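Asker:
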Amino acid sequence: MANTPRRKSDAARRANQVIRTRTVLMMVLLGVVTFILLFWKLYDLQINQHEKLQADAVKQQTSSSVVTASRGTVYDRNGSTVAISATAETVILSPKDISDHAETQDPEYVARGLGRILEVDPATILEKMEKTWSQYEIIKKRVDQEVADQVRAFLNGWIDDAGSELTEENENGERVLRSDHTKKPTRLYGIYLQPDSKRYYPYGTLASNVLGYVNGDNIGGVGLEAKYDSTLKGTSGLTVTAKNARGSDLLYQYEQYYDAENGKNLVLTLDVNVQYYLEKGLESMVSKFGAKNGATGIVMEVNTGAIVAMASYPNYDLNDYATIYDETLREKMETELAELEKNRSSYATEEEYDEAVAKVKGTYRNTQWRNKCIDSTYEPGSTFKPLTLAAALEEGVVNMNTTFTCTGSVRVQGWGKPIYCSNHNGHGTQDLKTATGNSCNPAFISMGLKIGTDKYYDYLEAFGLMEPTGVDMIGEVTGIFSSRESFNSNVVSLASYAFGQTFTTTPLHLIRAQAACINGGYLYEPYVVAQVLDDDGNIVEQHDTTPIRQVISEETSAKVRECLEYVVASGTGRNGQVAGYRIGGKTGTADKTGNKDREIVVSFMCFAPADDPQYIMLLTMDTPRRDTGTYPSGGNMVAPTASQIMSEILPYLGIEPDYTAEELVGADANVPNVVGMSLEDAKARLESAGFPYKTVGDGGEVTDQTPAGGAIVPNNADIILYMGEEKPDTPATVPNVVGMTAAEANKAITNAGLIMKVTGATSSSSGNVHAISQSAAAGAQLERGSVVTVQFGSQSSGAD
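Here is the structure:
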């Protein structure tokens, strides 16, 4: 019996031992598992989520604001600013801060005031205020400084929500409550102004399709602004400041500033004055002939590829790029929008209708933003013939003595119908120069067939027509040409290519190939940006003007120039003549292949001086009206405009005129100032300057004169001297001289008290020359002695 308790004790000890063992094992197991879990959590927090948590901590403990970099300035070749960024401010709303001050300020009062100043719907501002968790809601980006100052005055309580002045400055310059107000102005909270910059274009619409615009996010949208966006925009800076739990900045506690790096500046090859003359001429031409699909124009340096001016119509105002600027384009858009509104009920939801409206607006905006010089192709017609001429001369299949017999049409193997010349009666037998002047299709078909398909295709490639030009702009396309295999399979394509039909090219591709025909044969890469400059004006990049290749010889190029000068002197391009200058050129009238509406593209290429070309210009007009009274052709519609433009830009560009004896009479000259002189002295002064004169009155001294001294007028203009008489201040009425001969027009304009300046066809071989346009509209009232420029030319009844 005595051993029984001991046996129980052993059993208890064993049980306790088992429990302790199990407990220790459980503790060890739980400890290991807990350690593993804690280790994994720590690893996840400190390793996996380190960067995220660090960023969250920085976000909680600091506030930051972006320091916007100043976008680079764009200059023309003479240093005129064409695009610049100026200080602006972005208005920001903090719904959280406004909610925190809800007891002291009325949200609707704030919305009304900001809405009025910023021209934003107050309901939109109130909607943003409802996001009380947010501290950053943009109300309006990049407002002008004047508008920002109004917002600042509203926030400081200087004006109320209706814009009424609540305060004024006292004699000490302190702002105090106005005597007619009793309510003390209070500062508003939750609205902030953030420094920013805004893009401005001083010349508005000038070169808009080249420059492009900067969109609402300060990013280049199209044009050079898009192409050189990374170069122009620079790198934004940052200000980082410590903040407390309420989000208020702790100044001087922690602050770090990262400098913004301003964008680089561009120096363009464009000249704003040449650009103005080009656009003015195109606008006048499009307005007169109602081009359905707009027009293009390029002025380029012959020996470098530098683009001096480039225009595409329709254009737009860079400072308001979303608005349709062209009246015709705007009317078309409004017609489509009216049709959408008429059928509004057919849309399932308002969202679908809004999408349809946005699509229409987007289509027309894209149309006006396009640069047709590089992103649109067309059939060039006869302006392509200089390339065929150059290839034929270079290959030796023709020379200056080669003759062609034109019967009005020609048949080509593989084509069942005759291919007609513009003169269906035929030009008869003609030499190479005359055939070029007549723009004779059969003659050029003959040249193409002599060259042969394979060799002709080589020249198409050599002139760079099937490859990008490499111009430093976006959106460039290449033309549509047959493959070599298809081209070589028959001679029909060769025949039509020889006179510029059944393929397409861009105006830029064509003008650089034309330049190679007249500059000694050198093909250049066209360019618009000459230099990239840093903030200090140092040159970072400079365009290389090394030619890509030589396509034809100097000798061949000289012969091409000779033929093309004849085109303007005596051929289809005679309306492109410019007094005092030797001009070469080529007209073009291209039927759109497969178009049943008889749509055509009329064009004219010209260059000067013809014997030593410096500048070349190509103008195109797509689908002019046929009811203007002018036969639709490049020679009739485009060449006169080219003449006017060249007469303005050549003297400006430093190309000196070389007048013949006939042309010297009527050349521009400065009128001497003879007011206060005796009649004898005034007479001697005027005669030495080459001016005739008339007198009014019989006083002993010149009391006034018309035109005034210093005016630039033709040197054969009569100067009227008032001898003791007052000059009449009644305006002169401009007569209608269109259709008159030079003598008739001069008499009519002189009798009206005005002075006529002659431009256009001037040579005796120009045929039946008459006035085809005048610078001032008939019936306009001008100051007596004003100059009216009259364009003379002759109209052909055939295409060219």
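In terms of this note's numbering, the sequence shown is residues 19 to 818. In this text, a Cβ means the ideal position worked out from N, Cα and C, and glycines have one as well. Small disclaimer: the values here were computed from a predicted structure and weren't measured.
1. Does the count of Cβ pairs from the segment 119–126 and the segment 205–219 closer than 8 Å reach three?
2. For the structure I just gave you, are there three or more beta carbon pairs, one from the segment 631–647 and one from the segment 312–325, closer than 8 Å?
3. So, does the segment 481–499 touch the segment 537–550, judging by three or more C-beta pairs under 8 Å?
4. Which residue comes first and which comes last in the beta strand (DSSP E) that contains Cys624?
5. For Lys712, write down the residues that DSSP places opposite it in a beta bridge.
6. Any idea if Tyr270 is buried or exposed, counting beta-carbon neighbours within 10 angstroms, 16 or more meaning buried?
7. In three-state DSSP terms, what is His788?
8. Using 8 Å as the Cβ pair cut-off and three pairs as the minimum, do the segment 349–357 and the segment 458–470 touch?
9. What separation, rounded to the nearest whole angstrom, lies between the Cα atoms of Ile767 and Gln595?
10. Kindly indicate which three-state DSSP category Phe307 falls into: helix, strand or coil?
11. Nearest CA to the CA of Gly399: which residue from Thr471, Arg429, Thr605, Gly446?
12. Provide the residue(s) that pair with Pro732 in DSSP beta bridges, ordered along the chain.
13. Is DSSP giving Asp115 helix, strand or coil here?
14. Beta carbon of Glu297, beta carbon of Leu224: below 8 Å?
15. Taking 8 Å as the cut-off, does the segment 753–767 touch the segment 796–814 (at least 3 CB pairs, one atom from each stretch)?
16. Buried or exposed: where does Asp818 fall if 16 or more other Cβ atoms within 10 Å of its Cβ makes it buried?
17. Going by C-alpha to C-alpha distance, which of Ile601, Pro631, Pro642, Gly602 sits closest to Val619?
18. May I have the straight-line CA-CA distance separating Ala171 from Val776, to the nearest angstrom?
19. Rounded to whole angstroms, what is the Cα-Cα separation between Gly771 and Gln792?
20. Does the distance from the CB of Thr721 to the CB of Glu743 come in under 8 Å?
21. Identify the residues that DSSP records as bridge partners of Pro213: which are they?
22. Cα-Cα, which of Gly49, Thr150, Gln560, Thr611 is closest to Ala324?
23. From Ile738 to Tyr711, what distance separates their C-alpha atoms?
24. Given this structure, state the Cα-to-Cα distance separating Ser782 from Gly602, to the nearest angstrom.
25. Using the Cβ count rule (16 or more neighbours within 10 Å means buried), how would you classify Tyr93?
26. What number of angstroms, rounded off, separates the C-alpha of Gly708 from the C-alpha of Asp699?
27. Considering just the uninterrupted stretch of the beta strand (DSSP E) at Phe422, what are its terminal residues?
28. Return the chain-ordered list of same chain residues with a C-beta closer than 6 Å to the C-beta of Gln212, the five sequence neighbours on each side being excluded.
29. Quick check for students: name the residue ranges of the alpha helix (DSSP H) that lie wholly in the segment 365–412, counting only runs of 4 or more.
30. Quick check: what's the CA-CA separation for Leu144 versus Ile135?
31. Within 10 angstroms of the Cβ of Asn593, are there 16 or more other Cβ atoms? Answer buried if so, exposed if not.
32. For Lys451, which three-state DSSP category applies?
33. Please name the residue in Thr421, Gly131, Ser588, Gly717 whose C-alpha comes closest to that of Ser182.
34. For the candidate residues Gly803, Asn734, Asn786, whose alpha-carbon lies nearest to that of Thr748?
35. CA-CA distance, Val285 and Arg95?
36. In whole angstroms, what separates the C-alpha of Lys765 from that of Tyr221?
Answerer: Here's the rundown:
1. Below 8 Å, enough C-beta pairs join the segment 119–126 and the segment 205–219 to call them touching: three or more.
2. Proximity of the segment 631–647 to the segment 312–325 meets the contact definition, three or more beta-carbon pairs being nearer than 8 Å.
3. Using a C-beta cut-off of 8 Å, the segment 481–499 makes contact with the segment 537–550, since at least three inter-stretch Cβ pairs fall below that distance.
4. To locate residue 624, count along the sequence shown from 1; it is residue 606. For Cys624, the enclosing beta strand (DSSP E) has its first and last residue at 618–626.
5. Stepping through the sequence shown from its first residue, residue 712 is reached at position 694. Per DSSP, Ile738.
6. For this step, residue 270 is matched to residue 252 along the sequence shown. Because the pLDDT of Tyr270 is 48, which lies under 50, any placement of that residue in the model is unreliable, and the number read from its coordinates should be weighed accordingly. Exposed, since its Cβ has fewer than 16 Cβ neighbours within 10 Å.
7. For the purposes of this step, residue 788 is taken as the residue at position 770 of the sequence shown. Residue state, collapsed to three classes: strand.
8. No, because fewer than three Cβ pairs between the segment 349–357 and the segment 458–470 fall closer than 8 Å, the two stretches do not touch.
9. Within the sequence shown, residue 767 is the residue found at index 749, counting from 1. Within the sequence shown, residue 595 is the residue found at index 577, counting from 1. CA-CA distance, Ile767 to Gln595, rounds to 22 Å.
10. Within the sequence shown, residue 307 is the residue found at index 289, counting from 1. Note: Phe307 maps to helix in three-state DSSP.
11. Reading the sequence shown from its first residue, position 381 is the one you call residue 399. Looking at the Cα atoms, Thr605 is the closest of the given residues.
12. Here the question's residue 732 lines up with position 714 in the sequence shown. Asp686, per the DSSP bridge assignment.
13. Indexing the sequence shown from 1 puts residue 115 at position 97. Of the three classes helix, strand and coil, the one that applies to Asp115 here is helix, per DSSP.
14. Translated into positions along the sequence shown, residue 297 becomes position 279. Translated into positions along the sequence shown, residue 224 becomes position 206. Contact: yes.
15. Segments in contact, yes.
16. Indexing the sequence shown from 1 puts residue 818 at position 800. Per the 10 Å Cβ criterion, buried.
17. For the purposes of this step, residue 619 is identified with residue 601 of the sequence shown, where counting begins at 1. Checked all of Ile601, Pro631, Pro642, Gly602; the closest Cα to Val619 is Pro642.
18. Residue numbering aside, residue 171 sits at position 153 when the sequence shown is read from its first letter. Residue numbering aside, residue 776 sits at position 758 when the sequence shown is read from its first letter. Counting only the Cα atoms, Val776 lies some 59 Å from Ala171.
19. Residue numbering aside, residue 771 sits at position 753 when the sequence shown is read from its first letter. Residue numbering aside, residue 792 sits at position 774 when the sequence shown is read from its first letter. Separation of Gly771 and Gln792 (C-alpha to C-alpha, rounded to the nearest whole angstrom) is 16 Å.
20. Position 703 of the sequence shown holds residue 721. Position 725 of the sequence shown holds residue 743. Cβ distance < 8 Å, so Thr721 and Glu743 count as in contact.
21. Within the sequence shown, the letter at position 195 stands for residue 213. Answer is Glu107, bridged to Pro213.
22. The sequence position of residue 324 within the sequence shown is 306, counting from 1. For the options Gly49, Thr150, Gln560, Thr611, the alpha carbon positioned closest to that of Ala324 is the one of Gln560.
23. The residue given as residue 738 occupies position 720 in the sequence shown. The residue given as residue 711 occupies position 693 in the sequence shown. Cα-Cα distance, rounded: 6 Å.
24. Looking up residue 782 in the sequence shown gives position 764. Looking up residue 602 in the sequence shown gives position 584. Because Ser782 carries a pLDDT of 46, less than 50, the predicted location of this residue cannot be relied on, and the following value inherits that uncertainty. About 17 Å.
25. Here residue 93 is taken as the residue at index 75 of the sequence shown, counted from 1. Tyr93 is buried by the Cβ-count criterion.
26. In the sequence shown, the residue the question calls residue 708 occupies position 690. In the sequence shown, the residue the question calls residue 699 occupies position 681. Pairing Gly708 with Asp699, the inter-Cα distance amounts to about 14 Å.
27. To locate residue 422, count along the sequence shown from 1; it is residue 404. Run containing Phe422: 421–424, per the beta strand (DSSP E) assignment.
28. The sequence position of residue 212 within the sequence shown is 194, counting from 1. Same-chain partners within the cutoff: Thr108, Ile110.
29. Along the length of the segment 365–412, whole alpha helix (DSSP H) runs at least 4 residues long occupy 368–387, 390–393, reported in chain order.
30. Taking the sequence shown and counting its residues from 1, the one referred to as residue 144 is at position 126. Taking the sequence shown and counting its residues from 1, the one referred to as residue 135 is at position 117. So the alpha carbons of these two residues sit roughly 15 Å apart.
31. The count along the sequence shown starts at 1 and reaches residue 593 at position 575. Residue environment analysis places Asn593 among the buried positions, since at least 16 neighbouring C-beta atoms fall within 10 angstroms of its C-beta.
32. Numbered from its first residue, the sequence shown carries residue 451 at position 433. Residue state, collapsed to three classes: helix.
33. The residue labelled residue 182 in the question sits at position 164 within the sequence shown. Distance from the Cα of Ser182 is smallest, within the candidate group Thr421, Gly131, Ser588, Gly717, for Gly131.
34. The count along the sequence shown starts at 1 and reaches residue 748 at position 730. The shortest C-alpha separation from Thr748 is found at Gly803.
35. Looking up residue 285 in the sequence shown gives position 267. Looking up residue 95 in the sequence shown gives position 77. Between the alpha carbons of Val285 and Arg95 lies a gap of roughly 6 Å.
36. Here residue 765 refers to the residue found at position 747 of the sequence shown. Here residue 221 refers to the residue found at position 203 of the sequence shown. One Cα belongs to Lys765, the other to Tyr221, and the distance between them is close to 39 Å.
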